[in-house]
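A.B. asks:
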Amino acid sequence: MSQGYENFNNSETAFRKSSLIQERVGLVSSHMYKQFLDYQKATMNTTEIFAEMIANLKEIVDSLKQSFASRGITTDNIYLDYDKEKSVVVINILWHTFSLTTRCNYEPQALFRGEKTPPMFSGRIMAINGNYNELMEHASSRSDMMAILLDKEVASLFVPADKTQNSIFKIRHLANREFFLNNTDASREFVLKVVETICGGGLYHEEGTRRSFNI
Numbered sequence: 004m005s006q007g008y009e010n011f012n013n014s015e016t017a018f019r020k021s022s023l024i025q026e027r028v029g030l031v032s033s034h035m036y037k038q039f040l041d042y043q044k045a046t047m048n049t050t051e052i053f054a055e056m057i058a059n060l061k062e063i064v065d066s067l068k069q070s071f072a073s074r075g076i077t078t079d080n081i082y083l084d085y086d087k088e089k090s091v092v093v094i095n096i097l098w099h100t101f102s103l104t105t106r107c108n109y110e111p112q113a114l115f116r117g118e119k120t121p122p123m124f125s126g127r128i129m130a131i132n133g134n135y136n137e138l139m140e141h142a143s144s145r146s147d148m149m150a151i152l153l154d155k156e157v158a159s160l161f162v163p164a165d166k167t168q169n170s171i172f173k174i175r176h177l178a179n180r181e182f183f184l185n186n187t188d189a190s191r192e193f194v195l196k197v198v199e200t201i202c203g204g205g206l207y208h209e210e211g212t213r214r215s216f217n218i
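Once you know that position 67 of the sequence shown is 70 in the numbering used here, the rest is easy, because the numbers rise by one and skip nothing.
1. What does a CB cutoff of less than 8 Å around E181 pick up in its chain, not counting 5 residues either side in sequence?
2. One question on the structure: do E88 and S190 come within less than 8 Å of each other, judged by their Cβ atoms?
3. Alpha helix (DSSP H) containing K155: first to last residue?
4. Counting beta carbon pairs with one atom in the stretch 29-47 and one in the stretch 155-169, are three or more of them shorter than 8 Å?
5. Which whole-angstrom value describes the C-beta separation of T200 and A158, a residue pair presumed to lie in contact below a C-beta threshold of 8 Å?
6. If you drop the 5 nearest sequence neighbours on each side, which residues of the same chain put their C-beta closer than 7 Å to that of S14?
7. Helix, strand or coil: how does DSSP classify A58 here?
8. Taking the alpha-carbon positions, what's the S90 to P122 distance?
9. Please state the DSSP three-state secondary structure of D41.
10. DSSP state of I94, grouped into three classes?
11. What are the start and end residues of the beta strand (DSSP E) that includes L135?
12. Using 8 Å as the Cβ pair cut-off and three pairs as the minimum, do the stretch 100-113 and the stretch 123-137 touch?
13. Between the alpha carbons of N186 and F53, how many angstroms are there, rounded?
14. Have a look at N169, V194, R116 and E192 and flag the residue whose alpha-carbon is nearest the alpha-carbon of F183.
15. Could you tell me how far apart the beta carbons of I57 and Y85 are, in whole angstroms, since I believe they sit closer than 8 Å?
16. Leaving aside the five residues before and after F71 along the sequence, list all residues of the same chain whose C-beta is less than 6 Å from its C-beta, in chain order.
17. What whole-angstrom Cβ distance do I94 and L60 have, given they're in contact under 8 Å?
18. By DSSP, does T100 sit in helix, in strand, or in coil?
19. Which one of G29, A17, H208 and Q38 has the shortest CA to CA distance from P111?
20. Quick check: the Cα distance between N80 and I96, rounded to an integer number of angstroms?
21. Straight-line CA distance for I63 to E26?
22. Is the beta carbon of S125 closer than 8 Å to that of A113?
Dropping the structure here:
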């Protein structure tokens, strides 16, 4: 009889432990599921805006070709290329080469909004100096890729999961100051500002740390 009571007591303890595990695992899975849904929505919005950026860049390149051709300058070095997945676009404008990519969205990530404001889950479009494909030739891991992207970063656009929210545009040389863009204007304003930032400056002859300047 005593043995039967002990078995009952052990079963009850095991049941409580199992219920506690299920409850806490349920909280974790609910939290991660919410993040996954935000990641899916942000990825869709980011992909849509990136496709619009490619369309805007085609127009910009055509306009630049017309402008330089009218000045008697060859336009062979003004072009853009992109992959079939439309996740990387490389733009060449005379002596400037830069790239835009969405290949930095491997997992749900959020933009820090301050200690008292919830982080904003978002996708990210990065503009970088140089040809993405050449820069990534020797990258063997995601951490290698991100190190290169961050080192070459010109600007980033953070695209929220909620389409009613503004995207957030950060320019590296402006100390990551934030600009807010609605989804209608985000693709156009981002590519124009990147082109202005990169092509509106110039290159110094290299002397120690002096490399480039902006007008």
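Built from N, CA and C at the ideal position, the CB exists for glycine as well.
In this text the structure is predicted, and so the values were computed from the model without any measurement.
C.D. replies: Let me lay it out:
1. Numbered from 1 along the sequence shown, position 178 holds the residue referred to as residue 181. So the list reads I171, F172 and K173, once near-sequence residues are dropped.
2. Locating residue 88 in the sequence shown gives position 85, counting from the first residue. Locating residue 190 in the sequence shown gives position 187, counting from the first residue. Not a contact, by the Cβ cut-off of 8 Å.
3. As a working note, residue 155 is residue 152 in the sequence shown. R145 to K155 is the extent of the alpha helix (DSSP H) around K155.
4. A contact exists between the stretch 155-169 and the stretch 29-47.
5. Here residue 200 corresponds to residue number 197 of the sequence shown, with the count starting at 1. Here residue 158 corresponds to residue number 155 of the sequence shown, with the count starting at 1. Right, the Cβ-Cβ distance comes to about 7 Å (below 8 Å), so this counts as a contact.
6. Reading the sequence shown from its first residue, position 11 is the one you call residue 14. Hits under 7 Å: none found.
7. Taking the sequence shown and counting its residues from 1, the one referred to as residue 58 is at position 55. Correct three-state label for A58: helix.
8. In the sequence shown, counting from the first residue as 1, residue 90 sits at position 87. In the sequence shown, counting from the first residue as 1, residue 122 sits at position 119. C-alpha separation (whole angstroms): 25 Å.
9. For the purposes of this step, residue 41 is taken as residue 38 along the sequence shown, with counting starting at 1. Taken through DSSP and simplified to helix, strand or coil, D41 comes out as helix.
10. Sequence index remark: in the sequence shown, residue 94 carries index 91 (1-based). Three-state result, I94: strand.
11. Position 132 of the sequence shown holds residue 135. This sequence places Tyr at residue 135; Leu is not what is there. Premise fails: Y135 lies in the alpha helix (DSSP H), Y135 to L138, not in any beta strand (DSSP E).
12. yes
13. Position 183 of the sequence shown holds residue 186. Position 50 of the sequence shown holds residue 53. One Cα belongs to N186, the other to F53, and the distance between them is close to 11 Å.
14. Sequence index remark: in the sequence shown, residue 183 carries index 180 (1-based). Ranking the options by Cα distance to F183, first place goes to N169.
15. Here the question's residue 57 lines up with position 54 in the sequence shown. Here the question's residue 85 lines up with position 82 in the sequence shown. The Cβ separation is near 6 Å, so the contact holds.
16. Reading the sequence shown from its first residue, position 68 is the one you call residue 71. Same-chain partners within the cutoff: T78.
17. The residue labelled residue 94 in the question sits at position 91 within the sequence shown. The residue labelled residue 60 in the question sits at position 57 within the sequence shown. So it is a contact: roughly 6 Å between Cβ atoms.
18. Taking the first residue of the sequence shown as position 1, residue 100 is located at position 97. Looking at T100 - three-state DSSP - the assignment turns out to be strand.
19. The residue you call residue 111 lines up with position 108 of the sequence shown. Out of G29, A17, H208 and Q38, Q38 has the C-alpha closest to the C-alpha of P111.
20. Mapped onto the sequence shown, residue 80 falls at position 77. Mapped onto the sequence shown, residue 96 falls at position 93. Straight-line Cα distance between these residues: approximately 6 Å.
21. Along the sequence shown, one-based indexing puts residue 63 at 60. Along the sequence shown, one-based indexing puts residue 26 at 23. Rounded to whole angstroms, I63 to E26 spans 55 Å at the Cα level.
22. Taking the first residue of the sequence shown as position 1, residue 113 is located at position 110. Taking the first residue of the sequence shown as position 1, residue 125 is located at position 122. Inclusion of A113 and S125 in the CB contact set at 8 Å is warranted, their separation being smaller than that value.
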